[in-house]
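Student: First, the structure itself, so that you have it in front of you.
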Amino acid sequence: LYTHEYIHEYTHEISSFNILEAAYIVKCAYPNFPKGSIHIISVESTNHKTCNYIVVQYKENYFIGPDNGVISLILEGNYDIAYEISQNEDDAGLDSFPLKTVYSKIAGFIASGGDLDGLYDKKDKIFELLPINPIVRGVFIQASVIYVDHYGNLILNLTRDMFTEIGNGRPFKIHYMRNDHIDYICASYNDVQVGDVVCIFGENGNMEIAINKDNASALLDLKCGSSIQIEFI
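FYI, this note's numbering numbers position 108 of the sequence shown as 283, with every residue one higher than the one before it.
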């Protein structure tokens with residue numbers, strides 16, 4: 176792009192075609208970048224015939240990617256302006272690698288001070304995907320694993336705020352396996368013995384289930400999409 180711009184890769188370890196995983200990672204990370212940053216999301220981007228490309232501006236940040244719902248998940252449906260990226264017919268055969276042929280060029284244009292209003296049409300509405308929210312039934316919350324990190328820690332779609340609001344100070348059991356549960360939340364992984372299961376609220380506010388110094392996903396046989404039940408007593 177431009178030599179005075181700093182390029183940082185979020186991760187190269189997103190599961191293939193996993194929009195939810197990509198959205199979670201970018202959603203957690205982008206607020207830590209300075210205003211004016213350009214974020215490129217290139218997960219599940221290659222089928223231009225059924226999915227257009229977009230540039231979305233939100234709070235002085237730019238998001239470039241496919242209009243497949245991933246950006247709506249990152250921004251929770253919020254944005255200031257959206258542009259549809261139109262391509263010439265001559266570019267129709269370049270869609271196999273849009274990160275190189277489309278996204279990088281647009282990022283360079285923005286970084287050099289280019290005006291998107293003069294280049295692309297504004298888009299009234301981007302494609303939206305609804306987030307997978309926990310299900311509340313009486314004294315139970317059914318949460319789901321939405322991300323497994325490099326250490327095998329299980330991140331759930333249950334936030335601290337939701338847990339606190341629904342629990343209202345009641346004792347609880349977190350059933351992570353059919354016959355196993357924990358009934359306390361720790362401040363850090365090291366609050367339990369090595370090899371023990373621990374539940375914390377991570378930096379981004381989501382509940383996490385982990386094993387101190389080990390891989391919870393592998394040892395508990397839980398993965399993205401697995402259900403965790405919280406019972407209030």
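Just so you know, even glycine gets a beta-carbon here, dropped at the ideal spot from N, CA and C.
Just so we're clear, the structure is a prediction, and the values are computed from it rather than from any experiment.
Can the beta-carbon of I229 be found closer than 7 Å to that of A257?
Tutor: Residue mapping note: residue 229 aligns to position 54 of the sequence shown, counting from 1. Residue mapping note: residue 257 aligns to position 82 of the sequence shown, counting from 1. Yes, they are a contact pair.
Student: Name, in chain order, the residues that DSSP records as bridge partners for K298.
Tutor: Here residue 298 is taken as the residue at index 123 of the sequence shown, counted from 1. Bridge partners of K298: none, in fact.
Student: Per DSSP, F407 forms a beta bridge with which residues?
Tutor: Indexing the sequence shown from 1 puts residue 407 at position 232. Partner(s): F347.
Student: Is it buried or exposed, N381, if we count other Cβ atoms within 10 angstroms and call 16 or more buried?
Tutor: Position 206 of the sequence shown, counting from 1, holds the residue named residue 381. Buried is the call here.
Student: Please go through the region 226-265 and give each complete beta strand (DSSP E) segment of 3 or more residues, from N-terminal end onward.
Tutor: The qualifying runs are 228-233, 236-241, 256-260.
Student: In three-state DSSP terms, what is T339?
Tutor: Along the sequence shown, one-based indexing puts residue 339 at 164. DSSP places T339 in helix when its eight states are reduced to three.
Student: How is V218 classed by DSSP in three states: helix, strand or coil?
Tutor: Mapped onto the sequence shown, residue 218 falls at position 43. Note: V218 maps to coil in three-state DSSP.
Student: For a test of the three-state rule: what should DSSP assign to S190, helix, strand or coil?
Tutor: Reading the sequence shown from its first residue, position 15 is the one you call residue 190. Coil, per DSSP.
Student: If you reduce the DSSP assignment to three classes, tell me which class C374 lands in.
Tutor: Counting from one through the sequence shown, the residue named residue 374 turns up at place 199. Strand, per DSSP.
Student: Sorted by chain position, which residues of the same chain lie with C-beta nearer than 7 Å to S363's C-beta, five sequence neighbours on each side aside?
Tutor: Counted from its first residue, the sequence shown places residue 363 at position 188. If we look at S363 and ignore the five residues flanking it on each side, its Cβ neighbours are I375.
Student: With distances taken Cα to Cα, identify the nearest neighbour of D344 among A204, I249, I386, F407.
Tutor: Within the sequence shown, residue 344 is the residue found at index 169, counting from 1. Note that residue 344 is Gly in the sequence shown, not Asp. Ranking the options by Cα distance to G344, first place goes to F407.
Student: By DSSP, does E383 sit in helix, in strand, or in coil?
Tutor: By 1-based counting over the sequence shown, the position of residue 383 is 208. Note: E383 maps to strand in three-state DSSP.
Student: State the start and end residues of the unbroken beta strand (DSSP E) segment that holds A391.
Tutor: In the sequence shown, counting from the first residue as 1, residue 391 sits at position 216. Looking at the DSSP string, A391 is not in any beta strand (DSSP E); the run it does join, the alpha helix (DSSP H), is 391-395.
Student: Taking all protein chains shown into account, decide if G244 is buried (16 or more other Cβ within 10 angstroms of its Cβ) or exposed.
Tutor: Here the question's residue 244 lines up with position 69 in the sequence shown. Buried, since its Cβ has 16 or more Cβ neighbours within 10 Å.
Student: Would you kindly report the start and end of the unbroken alpha helix (DSSP H) that includes I307?
Tutor: Walking along the sequence shown from the start, residue 307 turns up at place 132. Counting along the chain, I307 falls outside any alpha helix (DSSP H), and DSSP gives it neither H nor E.
Student: Exposed or buried, which one is Y326 when buried takes at least 16 other CB atoms within 10 Å?
Tutor: Looking up residue 326 in the sequence shown gives position 151. That one is exposed.
Student: Considering only the alpha carbon of each residue, which of T276, E196, I301 lies closest to Y233?
Tutor: Sequence index remark: in the sequence shown, residue 233 carries index 58 (1-based). Ranking the options by Cα distance to Y233, first place goes to I301.
Student: On the CB-based measure, 16 or more other CB atoms within 10 Å of its CB, does F272 come out buried or exposed?
Tutor: On the sequence shown, residue 272 is found 97 positions in, with the first residue counted as 1. Classification of F272: exposed, given that the 10 Å Cβ count is below 16.
Student: How far does the alpha helix (DSSP H) with I285 in it extend, from its first residue to its last?
Tutor: Here residue 285 refers to the residue found at position 110 when the sequence shown is read from its first residue. It spans 279-286 - the alpha helix (DSSP H) in which I285 sits, taken as one unbroken run.
Student: How big is the Cα-Cα spacing for S190 and E196?
Tutor: As a first step, residue 190 must be located in the sequence shown, where it is residue number 15. As a first step, residue 196 must be located in the sequence shown, where it is residue number 21. Those two C-alpha atoms are separated by around 7 Å.
Student: Where do the ends of the beta strand (DSSP E) carrying Y322 lie?
Tutor: Position 147 of the sequence shown, counted from the first residue, corresponds to residue 322. Taken as a continuous stretch (DSSP letters only), the beta strand (DSSP E) holding Y322 covers 315-323.
Student: Taking contact to mean 3 or more Cβ pairs, one atom from each stretch, closer than 8 Å, check whether the region 363-373 and the region 383-393 are in contact.
Tutor: These segments touch.
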